[in-house]
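Undergrad: Chains as they are written, first to last, in this note's numbering: chain A, 13 to 235; chain B, 13 to 235.
We treat Cβ as the ideally placed atom computed from N, Cα and C, and that holds for glycine.
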Ligand SMILES: Nc1ncnc2c1ncn2[C@@H]1O[C@H](COP(=O)(O)OP(=O)(O)OP(=O)(O)O)[C@@H](O)[C@H]1O
Ligand SMILES: Nc1ncnc2c1ncn2[C@@H]1O[C@H](COP(=O)(O)OP(=O)(O)OP(=O)(O)O)[C@@H](O)[C@H]1O
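(1) Do residue 24 (chain B) and ligand 2 come close, with the Cβ less than 8 Å from some heavy atom?
(2) So which residues of chain A does residue 134 (chain B) contact, with C-beta pairs closer than 8 Å?
(3) Between residue 36 (chain B) and residue 106 (chain B), what straight-line distance do the alpha-carbon atoms span, to the nearest angstrom?
(4) Under 8 Å between beta-carbons, which chain B residues line up against residue 178 (chain A)? List them in chain order, please.
(5) Residue 85 (chain A) touches chain B at which residues, Cβ-Cβ below 8 Å?
(6) Cβ atoms of residue 33 (chain A) and residue 13 (chain A): under 9 Å apart, would you say?
(7) Over what stretch of residues does the beta strand (DSSP E) that includes residue 204 (chain A) continue unbroken?
(8) Check the Cβ-Cβ distances between residue 92 (chain B) and every residue of chain A, and say whether any is below 9 Å.
(9) For chain A, check one thing: does any of its Cβ atoms lie closer than 9 Å to the Cβ of residue 23 (chain B)?
(10) In chain B, which residues lie less than 9 Å from residue 51 (chain A) when you measure between Cβ atoms?
(11) Unbroken beta strand (DSSP E) runs of length 3 or more, entirely within the stretch 110–140 of chain B: which are they?
(12) Please state whether DSSP places residue 21 (chain B) in a helix, a strand or coil.
(13) Residue 228 (chain B) to residue 129 (chain B), Cα distance in whole Å?
(14) Quick one: residues in its chain with C-beta nearer than 7 Å to the C-beta of residue 119 (chain A), no 5 flanking neighbours on either side, listed in chain order?
(15) Starting from the Cα of residue 177 (chain B), find the closest Cα among B:58, B:214 and B:99 and give me that residue.
(16) Taking 8 Å as the cut-off, does the CB of residue 117 (chain A) come closer than this to any heavy atom belonging to ligand 1?
(17) What residues in the stretch 31–60 of chain A bring their beta carbon closer than 7 Å to a beta carbon of chain B?
(18) On a CA-only basis, which of A:47, A:98 and A:205 is nearest residue 154 (chain B)? Give me that one, please.
(19) Would you list, in chain order, the members of the stretch 138–163 of chain B that have their beta-carbon closer than 9 Å to a beta-carbon of chain A?
(20) Give me the chain A residues within the contact set of residue 28 (chain B), using Cβ-Cβ distance strictly less than 7 Å, ordered along the chain.
(21) Using a cut-off of 8 Å between C-beta atoms, extract the partners of residue 186 (chain A) located in chain B.
(22) Please name the residue, chosen from B:101, B:57, B:81 and B:80, that lies closest to residue 68 (chain B) on a Cα-to-Cα basis.
(23) Can we count residue 84 (chain B) as close to ligand 1, meaning its CB is less than 8 Å from some heavy atom?
(24) In angstroms, rounded to a whole number, what distance separates the CA positions of residue 232 (chain B) and residue 158 (chain B)?
(25) Apart from the five residues just before and just after residue 219 (chain B), which ones in its own chain have a Cβ nearer than 6 Å to its Cβ?
(26) Under a three-way DSSP split, which group does residue 222 (chain B) fall into?
(27) Using Cβ-Cβ distances below 9 Å, what residues of the stretch 206–232 of chain A are close to chain B?
(28) Does chain A have any CB closer than 9 Å to the CB of residue 105 (chain B)?
(29) Could you check the C-alpha separation between residue 45 (chain A) and residue 46 (chain B) for me, to the nearest Å?
(30) Counting along the chain, where does the alpha helix (DSSP H) carrying residue 101 (chain B) start and finish?
(31) Answer with yes or no whether the minimum CB distance from residue 127 (chain B) to chain A is below 9 Å.
(32) Where do the ends of the beta strand (DSSP E) carrying residue 82 (chain B) lie?
(33) Can you list, in chain order, the stretches of the beta strand (DSSP E) that have 3 or more residues and sit fully within the stretch 139–185 of chain B?
(34) Does the distance from the CB of residue 89 (chain B) to the CB of residue 110 (chain B) come in under 9 Å?
(35) Which first and last residues belong to the alpha helix (DSSP H) in which residue 49 (chain B) is found?
(36) With distances taken Cα to Cα, identify the nearest neighbour of residue 43 (chain B) among B:19, B:182 and B:23.
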């Protein structure tokens, strides 16, 4: 079974360490802060207080034996990069690193870190999109070219059967699910996944559509 | 057009302020750190250095006139909560707040904050899931009951037409897209969205499936 090391026990790092441990994986958690190490000690296989820029200390903690290292040292780009270089020298096959800025992210990527995460930036984009386009209830980019969007059923298809709405022929998009409004007496809205063409879409329902970004954008303009 | 206030210009807050401003929205950005205010001043309508727990200072900055306030003060739960209370007293209709712990999140929710975000926690869950279940290339929870999963085409459907694979009858799930492997000469894999039943699924392709979580879990066990 895979062994993990989490270096930097901020909110991101400690949560990764916790979830992996909960799932019975071996996790070495390190941080230079004693309180952070103590806080997680009973949840992981091994928790060590050390400065991760100290290669000798990392070796003593057994870091070179892990399959995956997650580096989440914030605030200090230099330390983050130094630690990543040490891990590469130690031969760690897979490194995931949290970036604290676009520049930091670019440096990490150039250093060959294939998974660079930007938690705050990604959430900010999600929140901002939601404020700018509240009609998009959910947007999933399936690929750079195709997306899945959930939105309230547009007025022009309310009362129609999916077959009648003819979305694919008219707009190039497919309805893959319908969320029927919360009817009286029911606790939560009911989902109709991969609905029959005879399904009627009512006011108050939302539809989940799949299509190319270009077609989705055109569709958006007419709703 | 809506007016926004962003209180706390850490990575999350400053990115929200930046994106909203880029989209031509009026943004008042405040922080107690002069350097953070200066860094964003030329990108937003108004950037003010102030302590957001000072109601008078917030009023002077015109915060009471915004439609939406985004509060992203980390490290200090007390300040975050105090600011949220002031904003509610000022009558701000919509408040979004970043939480730095589960407890912080629960307090904010109880205070009536309908959108509470946990950027680091959510990204940690995504990263951890990806490490624990690398075969799931992408997982989207459409609702508590249904998900969309992208995974490599399982061995038992390779070489078959979608029609022959009979996924819906046998497994209760629908293939909504197929990503054909990168063929020689092509720069990137090609997507087949809402594929015809005659589409053949080959080794190296990945499929995007939609179904109930229960059916997806059963399917996962046999792949
Ligand atoms: N050289 C180092 N060696 C070990 N741990 C370090 C080192 N430098 C920083 N850390 C630790 O990294 C952790 C994360 O850093 P910090 O809290 O600055 O980042 P953050 O990006 O705000 O974290 P998060 O957003 O995940 O909460 C801290 O617990 C800190 O003690
Ligand atoms: N009372 C306050 N008034 C105004 N700004 C404040 C106050 N307290 C903290 N801030 C600001 O809030 C910002 C975010 O705080 P901090 O960096 O601690 O949070 P964070 O959660 O690590 O942020 P992020 O993860 O978004 O980078 C900081 O720029 C800080 O100066």
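TA: Put simply:
(1) yes
(2) 131 and 135
(3) 19 Å
(4) Below the 8 Å Cβ cutoff, chain B contributes no neighbours of residue 178 (chain A), its closest Cβ being approximately 14 Å away.
(5) By Cβ distance, chain B contributes nothing, its closest Cβ being about 13 Å from residue 85 (chain A), past 8 Å.
(6) no
(7) Run containing residue 204 (chain A): 202–205, per the beta strand (DSSP E) assignment.
(8) Closer than 9 Å to the CB of residue 92 (chain B) there is not a single CB belonging to chain A.
(9) It does; some Cβ of chain A falls within 9 Å.
(10) Result: empty, since nearest Cβ-Cβ is about 11 Å, beyond 9 Å.
(11) As for any beta strand (DSSP E) of minimum length 3 sitting wholly inside the stretch 110–140 of chain B, the runs are 127–129, ordered along the chain.
(12) coil
(13) 28 Å
(14) So the qualifying residues of the chain are 93.
(15) B:214
(16) no
(17) 31, 32 and 35
(18) A:205
(19) 138, 139, 140, 141, 142, 143, 144, 150, 152, 154, 155, 156, 157, 158, 160 and 162
(20) 136, 139 and 140
(21) 188, 205 and 206
(22) B:101
(23) no
(24) Distance between residue 232 (chain B) and residue 158 (chain B), taken at the CA atoms: about 14 Å.
(25) 165, 187 and 190
(26) strand
(27) Flagged, chain order: 206, 220, 222, 223 and 224.
(28) no
(29) 28 Å
(30) 89–101
(31) For residue 127 (chain B), the answer is yes, since a Cβ of chain A falls inside 9 Å of its Cβ.
(32) 80–83
(33) Fully enclosed beta strand (DSSP E) runs of 3 or longer: 150–153 and 158–164.
(34) Not in contact: residue 89 (chain B) and residue 110 (chain B) (Cβ atoms no closer than 9 Å).
(35) 46–52
(36) Distances from the CA of residue 43 (chain B) to each of B:19, B:182 and B:23 were compared; the closest alpha carbon is that of B:19.
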